[in-house]
Every structure is written in C-alpha cells, then in structure tokens.
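Protein chains in written order, with our numbering: chain A, 1 to 350; chain B, 351 to 700.
Positions of the beta carbon are idealized from the N, C-alpha and C atoms, including for glycine.
Values in this document were obtained by computation on a predicted structure and should not be read as measured data.
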C-alpha cells in the first residue's frame, strides 16, 4: 500500500516542504539574477537529480558536486555542466574524472602543482579536456593557495596539454576576501591570462556577493532547505526551513527525560547552542544529547510535555549531513506526500 | 578488475584488520565464558551478517539490533534469535515487529505501559508471541524505568495475551546500578515472577560484569572493533583497534594546514580531546576540524609533515557511526584485501 500522508510514515523520516523549497530555489536564483551573476547550486545539500533539475529549470547554469562519485550520479542523470570544487588526488580518482569528462563538461579546482599534474596525466591518457580553476585560500583556511602561487598554477595549467584554465574559486566568499581576490586578478591580468569565471560560494557568504562585484557566479548548497545553523546567523528564519525530521517520543517517564526515536543516525551530531535540533511543537524543549538511536529532550520548561507515541517535527542543525544519513527524502505539501525521492548520491565518498 | 591490495583502494575507505577483529571476537567471548554468562553481540557496530555469523560461531547465543529494520536484514540472513533492546512505538513499526516474530524468536525491551500495549495489539493481530524485558533506567538516564514501575510492567506483560515476560535489561550495566537491579529482582521474586534473563551491556561496562553476578548475558557492540573512545577510557589500546579509515592528503600548503579527503561524511563529527580521529602515521598531528569532505590536520608538531597524495590511516573516535556512513567495509590482512562486505543494515533508521 503506497503511503500518501505524513501521518502514515514511520519515524524518523525526512520531510521537505515543497512550497518552501520552491520559494528558496526562486529567491536564490533571483538574488543572483539581480546581481547579474550565474547561480550554480551545490547538490551536496539534497543529492537528488530531480531537485537539481528544478534548480536548472529555475535558471541555474549547472551544478557543483564535491566528489567524482557524486558527479557520476548526476552525469548519468543527464547533467552536462558539472563543477567539482575539490582537489582530485589519486590515480583511480583522476581516471574516473577523465572518464566523466567524456560525458559532461567538467571543471575542477586545484591548489598545488601535484594536483594539477595528477589530473593532467589522466586527461592526456584519456584524451579529454578538463577545465581547472585555481582556489584561493579563504578565511576558513581550508584548501586554497596564495595569490602569487595562484598565478604560477594558472600559468602551469595554461601551458599543460588537455587542461584549460577556467578562472578563480574561493570558499566561502565573504567580503573580507576581496583584497586577496583583487591581488590575484591583478597578477593574472599583468601576466595576460584571461579569467573566465570567478566563482564564490557559501550560503552565509551569498549575502555578501554584492560586496564582491568581481564574482561571475555563486555556488550555494544549503539555501535550498536552510537549517538552524543558517537561522542562527540570521541568513534565514525557521519559517524558511524546508527540511524537517519527524520523530516519535518513545519514552517520557519524567518531563526532563523524554526520549525520541531519532539520534545521531537520523539527525547527526552537530550542535547549535548545545542542541541537536529545534523541536517545532515544543520550542521550550532542549534536544541536548544524542546517541545513535536516541534523542534526549529536556521538557521540564514545557507547559505540557509530550507523551509516548507523539510525533514531533525537528528542524536540523545542518541539512546536508542529514540528507547523507537517509535513503529517501519525502516531498510534502501540508500532510500530503507528493514525492518520494531516493537520495541517489548518498554515501558517495570517493 | 578486482581490487586485491589496500594501496589500490580509493580513499576514504574503511579497513577492518581481520586478525585484530578475530582476536576481539575471541576475547569478548572468553570474557563471558569465564563469567559463565551468555554473550549477545550488538550488530550496530558492523551491521554485516557475515561478521555476526563469526560471532555466533565463536559462541554467541544470538544478536541484538537497535531497530526493527536492522533486525529484518538479519532475520532474512538466517539469524533466529534477535533481541531489540528498544521501545518499539507506532503502528507500522509494531506490525513489522509482529511479522518479524513469525520468522525469528524476537525479544524487545519496554519501559512504559503504552509501549507494552502497542506491541501487544500487533502481536495479537498477527497471532505471534513476542518476548519482553523491562528496562531499568541506568546512570545515563536514557530510556528505562524504576524498580517499582518495572514490577508493574512485568505483571502487566505476564497478564497480556501474546506477550511473554523475559526478564530485566539495563544499559550500560556499570557496577553502580547493582542496588537498583537487586531491588527490582527482589520485588519480582516477592511477586512470584520468574526472571529468565538479566541482560547487561556496554563496551565500557563489560569490564564491570563480574561485579554484577546477577547478569545472565552481556550485549556489547564496539568491542569487535574498539575505537579511540574506548582507548581513552582504557578499555582497549590503539593496537586492539581493528577499524581504520584510509585517507589521502589533498592539500599541504603549510604544515599547520594539511587537508585530508575525509571529513564528517567519512569519519563522523564526534570528538575526543577536540580531535576527530587518531592518525597512525603522524601521532603528533591533530585532526582538529572536519567539514563534510575535508579533514583539517595541524602537522606543525610533526618532524616531517605529509605531502599531497600521501595515504594515512585514521583510528576513528566511534566505530559504529563510521560503519553507518559507508556502503562497504574491507576486511584486510596486512596489505591484502580478503573481504569486501556490503554494510547490509546501513541506514536502517526504522
């Protein structure tokens, strides 16, 4: 018997409010349209081709994936413009990347010469062209390199067979990175190297995009669903959050010891203010601890605590990691289930 | 082309050292044999029927699963004695549980009357018998109830059609819970209720089992692999840890900013001393931060920091959650891959 109502679902399950998701798709596209730049959704947040298709239909120029194995899923689903803003390292990975480049236009990012050379070898072997952006290190000090080294890499890429220099990438593209971006662009201009794409990203940083008029595109993932992390930094409100996890109270022997059937295996173990999720029906409750299959809720501040068997809705701290824990997401309007999506690129770690 | 060597695997991948795993299976079984109690492995740590089969062959009496959907995977693989130490709540779940009880001997735990009654209804409808243990609340104050309430529940179970009272469960069964266990057993004895099983559990608490001579069985999961959490509390040494995640250095532009291709999607986001994993080759390194696909390693204290393309081995903070993130585990002896296991019960949240 097909399930058609939310109340018929087992818990934990992940609901996507379709009205909110559609609003979120539209407003990020409009934001980029108003800035006159391209929008490139990062699929890590949903990992579902059908949802990415809706983003393309709304005006996105292509997609971003974080891993070759994710990109393979989307190439097989017909996506033709795929950016992987990641250093692809290792023989097996670079070979898969080169094979992928036979199916779709593929752009990667690099931050050192060994990464460039590994990819070049595979591209030459497979006789494909792979586009490369150099990554500038941002405030988070993750991957990325300095302006001077970016220039050297750009020159090396431009001089290497089967590679095409495609531009500069930075993540997150907060306004504070502009001096380093301008320095890099100046060095590239002085060297006579054309820069096609200047790609910024990050759900938080997307509100800074007008302060970086050099950007030609924005890569954003989380804005399609938003989450408590984004609400906490005032990028969205709880009302914008399209993802909710439904959970059931399985134990409520005392108001300060109420247990949900949803723990780190369903809602992850990241926190905001020491809490693992926001319980919509009980805003005074604190989901203060998780084990794999248990969520610990202190309801002692709730006027009327929940009872065993009651279903609650949880807004997660971080949507992308929740998606990766589940085999399906359910697209809903009110109580009606309109979509049952397999999370096609779930668990793609390679 | 089949992969036969670890060096041919893509990273991140999860390796299980078969020699260490076999030693760990044997020593926990021996521990229980020496105590004269049953060993019941909790499969949450590996989620793989073939591994559980090795535990049964070594002497285990049956298995424990945390969810009905996990139990279904193991029942389909031929396991006939399955304990689910969890309050099973909700119509769809209790019906699945009753169906499961047609295939295997099923025991659940309960801590309130509504949970008992929900399961009873489904058992009566399907005309099956489900065994039930009452759960005593332990020091962690998760699920479980008081001795007085445990007596009431036992009486209620014994008086209900299609249910069988099977005993008392407590988790974790640290020595400190003995007074409450003895009180419960006294109440049950006074009421003339026979107690077949007294089930304790927890990898940490397993070393306290001799201080709780009332126990008839131990449920333990993590001891098959051990992990940094267990090492940190002196339950095991790094040398006992059978699970390692292989990762590749993708960026090493500075010694205090080395980035691995393995983040929370591969090694999870739980920590010990602010670290997300122990890097075997670089004991002085600190894996101090993760994003989904990036592990941040400070190698400034390392005599000779790693280079891009180098593979490292990570002992995880918590094995069970790592297993749930991956589609396969690789059983290895030295450099040779002997087993490629699908994680059959991965993502079973229901």
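Counted within 10 angstroms of its Cβ, other Cβ atoms place residue i as buried (16 or more) or exposed
| i | result |
| --- | --- |
| residue 686/B | exposed |
| residue 683/B | exposed |
| residue 634/B | exposed |
| residue 2/A | exposed |
| residue 370/B | buried |
| residue 85/A | buried |
| residue 18/A | buried |
| residue 142/A | buried |
| residue 54/A | buried |
| residue 201/A | buried |
| residue 589/B | exposed |
| residue 93/A | buried |
| residue 485/B | buried |
Proximal residues to residue i (C-beta, below 6 Å), its chain only, five neighbours per side dropped
| i | result |
| --- | --- |
| residue 295/A | 260, 262, 263 and 287 |
| residue 555/B | 522, 523 and 524 |
| residue 620/B | 667 and 668 |
| residue 250/A | 259 and 261 |
| residue 412/B | 390 and 431 |
| residue 448/B | 472, 473, 476 and 478 |
| residue 38/A | 61 and 217 |
| residue 44/A | 66, 221 and 320 |
Element boundaries [beta strand (DSSP E), containing residue i]
| i | result |
| --- | --- |
| residue 274/A | Segment: none, residue 274/A is in no beta strand (DSSP E) and carries neither H nor E. |
| residue 594/B | 593 to 604 |
| residue 730/B | With chain B running from 351 to 700 in the structure shown, residue 730/B is simply not present. |
| residue 311/A | 311 to 316 |
| residue 219/A | 217 to 220 |
| residue 541/B | Neither: residue 541/B is in no beta strand (DSSP E) and is coded neither H nor E. |
Proximity below 8 Å, CB of residue i to CB of residue j
| i | j | result |
| --- | --- | --- |
| residue 107/A | residue 150/A | no |
| residue 581/B | residue 548/B | no |
| residue 695/B | residue 423/B | yes |
| residue 13/A | residue 246/A | yes |
| residue 531/B | residue 482/B | no |
| residue 252/A | residue 290/A | no |
| residue 302/A | residue 330/A | no |
| residue 60/A | residue 26/A | no |
| residue 42/A | residue 186/A | no |
| residue 219/A | residue 64/A | yes |
| residue 528/B | residue 562/B | yes |
| residue 661/B | residue 459/B | no |
| residue 538/B | residue 504/B | yes |
| residue 618/B | residue 671/B | yes |
| residue 120/A | residue 146/A | no |
Host alpha helix (DSSP H) of residue i (start-end)
| i | result |
| --- | --- |
| residue 405/B | 399 to 407 |
| residue 423/B | 418 to 426 |
| residue 639/B | Element bounds for residue 639/B: not the alpha helix (DSSP H) but the beta strand (DSSP E), 636 to 640. |
| residue 372/B | 368 to 385 |
| residue 206/A | Unbroken run through residue 206/A: none, as it is neither H nor E. |
| residue 88/A | Residue 88/A -> no alpha helix (DSSP H), and no H or E assigned at all. |
| residue 578/B | 578 to 582 |
| residue 319/A | 319 to 323 |
| residue 236/A | Here residue 236/A belongs to no alpha helix (DSSP H), and DSSP marks it neither H nor E. |
| residue 616/B | 614 to 617 |
Residues bridged to residue i (per DSSP)
| i | result |
| --- | --- |
| residue 130/A | 163/A |
| residue 107/A | 83/A and 131/A |
| residue 328/A | 342/A |
| residue 391/B | 570/B |
| residue 258/A | 252/A and 297/A |
| residue 333/A | 336/A |
| residue 169/A | 135/A and 199/A |
| residue 364/B | 595/B |
| residue 355/B | 686/B |
| residue 414/B | 392/B and 433/B |
Contacting residues, own chain, Cβ-Cβ under 7 Å from residue i (five flanking each side not counted)
| i | result |
| --- | --- |
| residue 650/B | 605 and 606 |
| residue 615/B | 642, 643 and 675 |
| residue 439/B | 465 and 468 |
| residue 157/A | 116, 132, 163 and 165 |
| residue 428/B | none |
| residue 298/A | 256, 285, 286 and 288 |
Beta-carbon contacts of residue i that lie in its chain and below 8 Å, excluding the five residues immediately before and after
| i | result |
| --- | --- |
| residue 342/A | 48, 327 and 328 |
| residue 129/A | 101, 123, 162, 163 and 164 |
| residue 96/A | 68, 69, 72 and 350 |
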